[in-house]
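In what follows, a single structure is set out as structure tokens and then discussed.
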Amino acid sequence: MWKATLKGLLAHKLRLALTAVAIVLGVMFVSGTFVLTDTLHSTFTTLFNGIYQHVDFEVRGKAAFSGLAASAVRSPINQSIAQAVRKVPGVADAVGTVTGYAQLVAPNGKAVTTSGAPTIGLSFNPVSQMSSLHIKSGSPPTSPNDVVIDAGTATKYHFHVGQKLHVLLLGPPRTFTLTGIVTFGTANNLAGATIAAFDLPTAQTLFDRVGRYDAIDILAKPGVNTAQLQRAVARVLPPKVEVVTGQTVANEATNSINQALGFFSTALLVFAFISLFVGGFTIFNTFSIIVGQRTRELALLRVLGASRRQVFRSVLAEATIVGLVASIVGLGLGVLAAVGLRALLSALGISLPSGSLVFELRTVIVALLVGVGVTVVSAISPARRAVRIPPVAALSEHDVVATESSRRRSIVGSAIA
Numbered sequence: 004m005w006k007a008t009l010k011g012l013l014a015h016k017l018r019l020a021l022t023a024v025a026i027v028l029g030v031m032f033v034s035g036t037f038v039l040t041d042t043l044h045s046t047f048t049t050l051f052n053g054i055y056q057h058v059d060f061e062v063r064g065k066a067a068f069s070g071l072a073a074s075a076v077r078s079p080i081n082q083s084i085a086q087a088v089r090k091v092p093g094v095a096d097a098v099g100t101v102t103g104y105a106q107l108v109a110p111n112g113k114a115v116t117t118s119g120a121p122t123i124g125l126s127f128n129p130v131s132q133m134s135s136l137h138i139k140s141g142s143p144p145t146s147p148n149d150v151v152i153d154a155g156t157a158t159k160y161h162f163h164v165g166q167k168l169h170v171l172l173l174g175p176p177r178t179f180t181l182t183g184i185v186t187f188g189t190a191n192n193l194a195g196a197t198i199a200a201f202d203l204p205t206a207q208t209l210f211d212r213v214g215r216y217d218a219i220d221i222l223a224k225p226g227v228n229t230a231q232l233q234r235a236v237a238r239v240l241p242p243k244v245e246v247v248t249g250q251t252v253a254n255e256a257t258n259s260i261n262q263a264l265g266f267f268s269t270a271l272l273v274f275a276f277i278s279l280f281v282g283g284f285t286i287f288n289t290f291s292i293i294v295g296q297r298t299r300e301l302a303l304l305r306v307l308g309a310s311r312r313q314v315f316r317s318v319l320a321e322a323t324i325v326g327l328v329a330s331i332v333g334l335g336l337g338v339l340a341a342v343g344l345r346a347l348l349s350a351l352g353i354s355l356p357s358g359s360l361v362f363e364l365r366t367v368i369v370a371l372l373v374g375v376g377v378t379v380v381s382a383i384s385p386a387r388r389a390v391r392i393p394p395v396a397a398l399s400e401h402d403v404v405a406t407e408s409s410r411r412r413s414i415v416g417s418a419i420a
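Each residue of the sequence shown is one higher than the one before, starting from 4 at the first, in this note's numbering.
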């Protein structure tokens, strides 16, 4: 039976190869999506871990609702808290930070837009160890008229150090001098967001934070017991203010970015399941035709002593081989698709940090299960039809091909359409 199965495959190799294209495309989308998602998660985890590597703790207002993490709405805190934190034994430095809305205006006079990413304004942290921004060219902002922007936006819109730059704010727009171009960690920007950074007093004025901070970053002294220091800092904080580790902030930022890019993965998986759905129907029709064409051949196998179970297994074995080969091809193409999808994100203005592709074992398992599973399930009905072929059909002069009412076929086809 194994030899008969292989010969059956080779006899219809072109038809089966063309049929497998839909499975290949579906598996490619599935595996490519998983590879891209895992790569983005690993890349941004590495990015934010690097940024918050030296931020030991962050003091911030407690979230109004639990479970919102980085996207939670938090009340600003009084800047006097920073002075109290600096006096805690073991604290090397404590720097306040504020964020707000700041949209840049391109040299042609049009506002710089993003593909759904925010337009971020924030204070520039002068302590390089704790700062998420690193000067690539120029100098940091030091006066009320200075601003630095992210390298991704500067390259795209041809901004250069020294030029005048218009910025749209919640209040009246302002004109600043571009003193520097920065990177966000190792990336040119934060997943497509534009960044405009000002010195702390200016940012407090622009974002309605005079006398207040959104958060306070803390740098601990070398050799300090971090658990004891966190408890000591917590004791000097007023109600509704908390202190969390830098790792907690990094994890929240990573999860927030992954959720923001989740729409892309969802769209790709939708395409994948559509392709697999179409592929299932194609496999069903193809095996139905092949079974019909091989009526006498299958009946002859029954005459030679093959049982119904052996015939059933033979047809499903053909489907399994087709699904396995298609899944392996789709898995390989999925890795290439992930590379193309990263390029597509960059074309959409979503600048990603550099990093190698992540290929998890889970991707292989899911791709093979989905590809082979859809193919085998789609071939079950034709396989059951094959076992109902009577041995006497081998003696017929014409192949017995199961036919179906054209009226019924038209109704079912119209419903599906």
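Idealized CB from N, CA, C, for every residue including glycine.
Are the CB atoms of G282 and A25 within a distance shorter than 7 Å? yes
Between F201 and V150, is the Cβ-Cβ spacing less than 7 Å? yes
Kindly give me the distance between the Cβ atoms of F90 and V244, rounded to whole angstroms, as I take these residues to be in contact under 8 Å. The residue you asked about is not Phe; residue 90 is Lys in the sequence shown. With 8 Å as the limit, K90 and V244 do not qualify as a contact, their Cβ atoms being about 16 Å apart.
Near I219, what residues of its chain come up, given a Cβ to Cβ distance below 8 Å and the 5 sequence neighbours on each side ignored? E61, V62, R63, I80, I84, A85, V88, A97, V98, G99 and T100
Pull up the distance between the alpha-carbon of P2 and that of Y216, whole angstroms please. Given a span of 4 to 420 for the chain in the structure shown, any question on residue 2 remains unanswerable.
Roughly how many whole angstroms lie between the Cα atoms of L39 and A270? 13 Å
Pull up the distance between the alpha-carbon of V213 and that of S78, whole angstroms please. 14 Å
Ordered along the chain, which non-local residues of its own chain (more than five positions away) have a Cβ less than 6 Å from that of G165? none
Using C-beta distances below 6 Å, list every residue in its chain close to S134, excluding the 5 sequence neighbours before and after it, in chain order. N128
I need the DSSP call for Q106, collapsed to helix, strand or coil. strand
Neighbourhood of T1 by C-beta distance below 7 Å, restricted to the same chain and skipping five residues each side: Summary: the structure shown does not reach residue 1, with the chain confined to residues 4 through 420, and so no result is reported for it.
Look at the alpha carbon of G416 and the alpha carbon of L193, and state the distance between them as a whole number of angstroms. 48 Å
Helix, strand or coil, according to DSSP, for E363 in the structure here? coil
With distance defined between alpha-carbon atoms, name the residue in P175, P147 and V115 nearest to A157. V115
Contact set for L28: own chain, Cβ-Cβ below 6 Å, skip 5 residues either direction: S278
Go through its chain and collect everything with a Cβ distance to V236's Cβ below 8 Å, but skip five positions before and after it. F60, V62, V88, V91, V94, I221 and V246
Quick one: what does DSSP say F187 is sitting in, helix, strand or coil? strand
Three-state class that DSSP yields for Y216 in the structure shown: strand
Residue environment, I286, which counts as buried when at least 16 other CB atoms sit within 10 Å: buried
For V375 and S330, believed in contact at Cβ under 8 Å, the rounded distance: 6 Å
Can you tell me which of V108, T36 and T378 puts its alpha carbon nearest to the alpha carbon of P176? V108
Check whether S126 and L203 have beta carbons under 7 Å apart: yes
For H161, which three-state DSSP category applies? coil
Which class does T116 belong to by DSSP, given the choice of helix, strand or coil? coil
Quick check: the Cα distance between L43 and F280, rounded to an integer number of angstroms? 28 Å
Buried or exposed by the 16-neighbour rule on C-beta atoms within 10 Å, applied to R411: exposed
What is the DSSP secondary structure of G337, reduced to helix, strand or coil? helix
Can the beta-carbon of P144 be found closer than 7 Å to that of T197? no
Residue burial classification, L372 (beta-carbon count within 10 angstroms, cutoff 16): exposed
Cβ neighbour criterion (16 or more within 10 Å) applied to D211: exposed
Please list, in chain order, all residues of the same chain as L364 whose beta carbon is under 7 Å from its beta carbon, the five residues on each side excluded. none
Please list the terminal residues of the continuous alpha helix (DSSP H) segment that includes A85. S83 to R89
Since H169 sits in a beta bridge, which residues does DSSP pair it with? T178
Three-way DSSP call (helix, strand, coil) for F37 in this model: helix
Let me confirm a value: P385 is counted as buried when at least 16 other C-beta atoms fall within 10 Å, else exposed. Which label applies? buried
For I54 and A341, the rounded distance between their alpha carbons: 26 Å
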